[in-house]
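Inspection log for the structure reproduced underneath, given as structure tokens.
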Amino acid sequence: MGRDDEPVDSMEIDGQQQLKVGGRAASAAVPEGFNADYLRVYYGKLFPYSDFFKWLCYANDGKHPGCDQSFVGRREFSFTLENDIYLRFQSFDSAAELESSIKEKCPFKIDIGPVYSVDPAKRHAYAQSGNNVFVPVERELIFDIDISDYDDVRYCCSGADVCKDCWPLMICNDFGFNHILWVYSGRRGVHCWVCDTRARKLSNEQRAAVADYFRVYMRGENTLKKVSLAGPVLHPFLAQQLFASQERCQKILDLIPDENVASELHDKWQGNRRSSISKEDVNASRWKQLKTILQSGKHKLRAFGDVEEIVFSYTYPRLDMEVSKHMNHLLKAPFCIHPKTGRVIVPIDPNNCDDFDPTAVPTLSQLLRELNAAGFQTDSENNWEITSLEKSIRFFRTCFCNHC
Numbered sequence: 009m010g011r012d013d014e015p016v017d018s019m020e021i022d023g024q025q026q027l028k029v030g031g032r033a034a035s036a037a038v039p040e041g042f043n044a045d046y047l048r049v050y051y052g053k054l055f056p057y058s059d060f061f062k063w064l065c066y067a068n069d070g071k072h073p074g075c076d077q078s079f080v081g082r083r084e085f086s087f088t089l090e091n092d093i094y095l096r097f098q099s100f101d102s103a104a105e106l107e108s109s110i111k112e113k114c115p116f117k118i119d120i121g122p123v124y125s126v127d128p129a130k131r132h133a134y135a136q137s138g139n140n141v142f143v144p145v146e147r148e149l150i151f152d153i154d155i156s157d158y159d160d161v162r163y164c165c166s167g168a169d170v171c172k173d174c175w176p177l178m179i180c181n182d183f184g185f186n187h188i189l190w191v192y193s194g195r196r197g198v199h200c201w202v203c204d205t206r207a208r209k210l211s212n213e214q215r216a217a218v219a220d221y222f223r224v225y226m227r228g229e230n231t232l233k234k235v236s237l238a239g240p241v242l243h244p245f246l247a248q249q250l251f252a253s254q255e256r257c258q259k260i261l262d263l264i265p266d267e268n269v270a271s272e273l274h275d276k277w278q279g280n281r282r283s284s285i286s287k288e289d290v291n292a293s294r295w296k297q298l299k300t301i302l303q304s305g306k307h308k309l310r311a312f313g314d315v316e317e318i319v320f321s322y323t324y325p326r327l328d329m330e331v332s333k334h335m336n337h338l339l340k341a342p343f344c345i346h347p348k349t350g351r352v353i354v355p356i357d358p359n360n361c362d363d364f365d366p367t368a369v370p371t372l373s374q375l376l377r378e379l380n381a382a383g384f385q386t387d388s389e390n391n392w393e394i395t396s397l398e399k400s401i402r403f404f405r406t407c408f409c410n411h412c
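In the numbering used here, the protein residues as written are 9 to 412.
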């Protein structure tokens, strides 16, 4: 592991500039990993400081009459350094200050907190002035969706693992605000930053009310029926192979309140797997049978509700409610690196979310290899353009920051 004072440098090998990490030249074949040496290169060459800071300014970095020059300087940043050294209440008045501090401290994790009434770094100066001097006054409304909360209804992965099959379970719903930043957490979740002015100014009580409004999924191992809804029939995400085994079918049957209907479907599905000559997938055929029975004859009264409840049990966003309710909650910053996976925490384009593959998000090691392979220029501010981060940073800049 390199020392904090070791520079991120470059040297030329066989006609190409190569990264020098911790005083040693890093070949194009950079080993997978996460360490301070790799982070120094990333923070020195790739982190989008200007775009990141512009986002959090919310147009308070200009000279127009309504500009609050103190706004961004009252925002809390938290750094987790190597060996779990935790630095809270960091604040910065400019992108240059933020960049200098990150490069100097090389944080393993960067969290973003609220905007306070006064500069959080100077909070102690106001300690004797009363209880309401140093308080959070503004913060994005956050929704945190964790894929491990879907373990009872997904069959491709479990725990912290995530793949292209279970990923769409988390990102198909819109929460009704206009200025929203969707961010892949780097491991097993997605963060929704609602950045509308009215959302940022919500009190804790108002945030709790909004969060409760979205509380449709009910947690609990002993709760068979976990949603209660009514409305148009929706299709489930059949790629999860929800009807592919007797055990999985039983989970579906447990959601049906009418025992006679459940028994009828159980008899139809018992050992009734797709034949070798059938072209229809067993999941699709069983889903059709389920809808047909629920929507026919004496069962039609509750058909729409029963079908929807099954669909939403498997697909509705499962929120970490506490993250949404409290203004002073800290959340990982976009474009920092997840220490467990080494993946970059990247924004997601909601208009192309079906194409987003969490397993293809670039890792720290991958980015260093790409820099080496391209023979990057040390004096360029746009080294990210020759890496896999190009698409994410360009989306963040053109489709999000320019509308802040």
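C-beta atoms are modelled at their ideal positions from N, C-alpha and C, and glycine is treated no differently.
Predicted model only: the values in this text are computed from it and were never measured.
Can you tell me the Cα-Cα spacing of residue i and residue j, whole angstroms?
| i | j | result |
| --- | --- | --- |
| Ile-264 | Lys-276 | 15 angstroms |
| Leu-149 | Ser-211 | 10 angstroms |
| Trp-392 | Tyr-66 | 24 angstroms |
| Ala-252 | Asp-362 | 24 angstroms |
| Cys-344 | Lys-117 | 7 angstroms |
| Phe-97 | Ile-301 | 59 angstroms |
| Lys-130 | Phe-61 | 20 angstroms |
| His-72 | Trp-63 | 17 angstroms |
| Gly-41 | Gly-350 | 7 angstroms |
| Lys-348 | Asn-268 | 48 angstroms |
| Lys-333 | Asp-220 | 9 angstroms |
| Leu-89 | Lys-113 | 7 angstroms |
| Val-444 | Asn-291 | As shown, the chain starts at 9 and ends at 412. That puts residue 444 outside it, with no answer to give. |
| Gln-254 | Gln-278 | 7 angstroms |
| Pro-128 | Met-335 | 15 angstroms |
| Arg-294 | Phe-404 | 42 angstroms |
| Gln-136 | Asn-359 | 50 angstroms |
| Glu-398 | Asn-390 | 9 angstroms |
| Asp-157 | Gly-194 | Low per-residue confidence applies at Asp-157: pLDDT is 47, beneath 50, and the placement is therefore not dependable, though the value from the model is reported in the following sentence. Their Cα atoms are separated by approximately 16 angstroms. |
| Val-49 | Tyr-57 | 14 angstroms |
| Lys-53 | Asp-289 | 49 angstroms |
| Trp-190 | Ser-78 | 27 angstroms |
Taking all protein chains shown into account, decide if residue i is buried (16 or more other Cβ within 10 angstroms of its Cβ) or exposed.
| i | result |
| --- | --- |
| Ser-284 | Low per-residue confidence applies at Ser-284: pLDDT is 44, beneath 50, and the placement is therefore not dependable, though the value from the model is reported in the following sentence. Classification of Ser-284: exposed, given that the 10 Å Cβ count is below 16. |
| Lys-296 | exposed |
| Gln-258 | exposed |
| Arg-206 | exposed |
| Leu-339 | buried |
| Asp-45 | buried |
| Pro-366 | buried |
| Ile-442 | Since the displayed the chain opens at 9 and closes at 412, residue 442 lies outside it and no answer follows. |
| Glu-378 | buried |
| Ala-103 | buried |
| Thr-406 | exposed |
| Val-413 | Residue numbering for the chain in the displayed model covers 9 to 412; residue 413 lies beyond these limits and cannot be assessed. |
| Gly-74 | exposed |
| Ser-99 | buried |
| Val-4 | Past the edges of the chain, shown from 9 to 412, lies residue 4, and the structure says nothing about it. |
| Asn-186 | exposed |
| Gly-70 | exposed |
| Asn-139 | exposed |
| Asn-91 | exposed |
Are the beta-carbon atoms belonging to residue i and residue j less than 9 angstroms from one another?
| i | j | result |
| --- | --- | --- |
| Cys-409 | Asp-101 | no |
| Leu-95 | Leu-372 | no |
| His-274 | Arg-147 | no |
| Phe-382 | Ile-120 | A quick correction: the sequence has Ala, not Phe, at residue 382. Result no, Cβ atoms of Ala-382 and Ile-120 do not sit closer than 9 angstroms. |
| Ser-400 | Gln-374 | no |
| Ile-356 | His-346 | no |
| Tyr-51 | Ile-110 | yes |
| His-199 | Ile-260 | no |
| Tyr-134 | Val-141 | yes |
| Pro-115 | Phe-151 | no |
| Phe-55 | Glu-107 | yes |
| Val-38 | Leu-376 | yes |
Which residues bound the alpha helix (DSSP H) around residue i?
| i | result |
| --- | --- |
| Ile-110 | 103-113 |
| Arg-208 | 205-208 |
| Asp-45 | 44-53 |
| Glu-84 | First-last for Glu-84: 83-89, but that is the beta strand (DSSP E), not the alpha helix (DSSP H). |
| Ile-301 | 290-302 |
| Cys-257 | 254-261 |
| Val-331 | 329-333 |
| Gln-136 | Neither: Gln-136 is in no alpha helix (DSSP H) and is coded neither H nor E. |
| Lys-399 | 398-403 |
| Glu-378 | 372-382 |
Beta strand (DSSP E) containing residue i: first to last residue?
| i | result |
| --- | --- |
| Lys-62 | Looking at the DSSP string, Lys-62 is not in any beta strand (DSSP E); the run it does join, the alpha helix (DSSP H), is 57-65. |
| Asp-266 | That residue, Asp-266, is in no beta strand (DSSP E); it is neither H nor E in DSSP. |
| Phe-79 | Phe-79 -> no beta strand (DSSP E), and no H or E assigned at all. |
| Ile-188 | 188-192 |
| Asp-365 | Per DSSP, Asp-365 belongs to no beta strand (DSSP E) and is neither H nor E. |
Taking 8 angstroms as the cut-off, is the CB of residue i close to at least one heavy atom of the ligand FAD?
| i | result |
| --- | --- |
| Ser-253 | For the ligand FAD, the structure offers nothing, since it holds no ligand at all. |
Are at least three pairs of beta-carbons, each pair with one atom in the segment 197-217 and one in the segment 326-335, less than 8 angstroms apart? Taking one beta carbon from each stretch, the segment 197-217 and the segment 326-335 have 3 or more pairs nearer than 8 angstroms; the two touch.
Should the segment 108-127 be regarded as contacting the segment 74-86, the criterion being three or more beta carbon pairs within less than 8 angstroms? Touching, yes.
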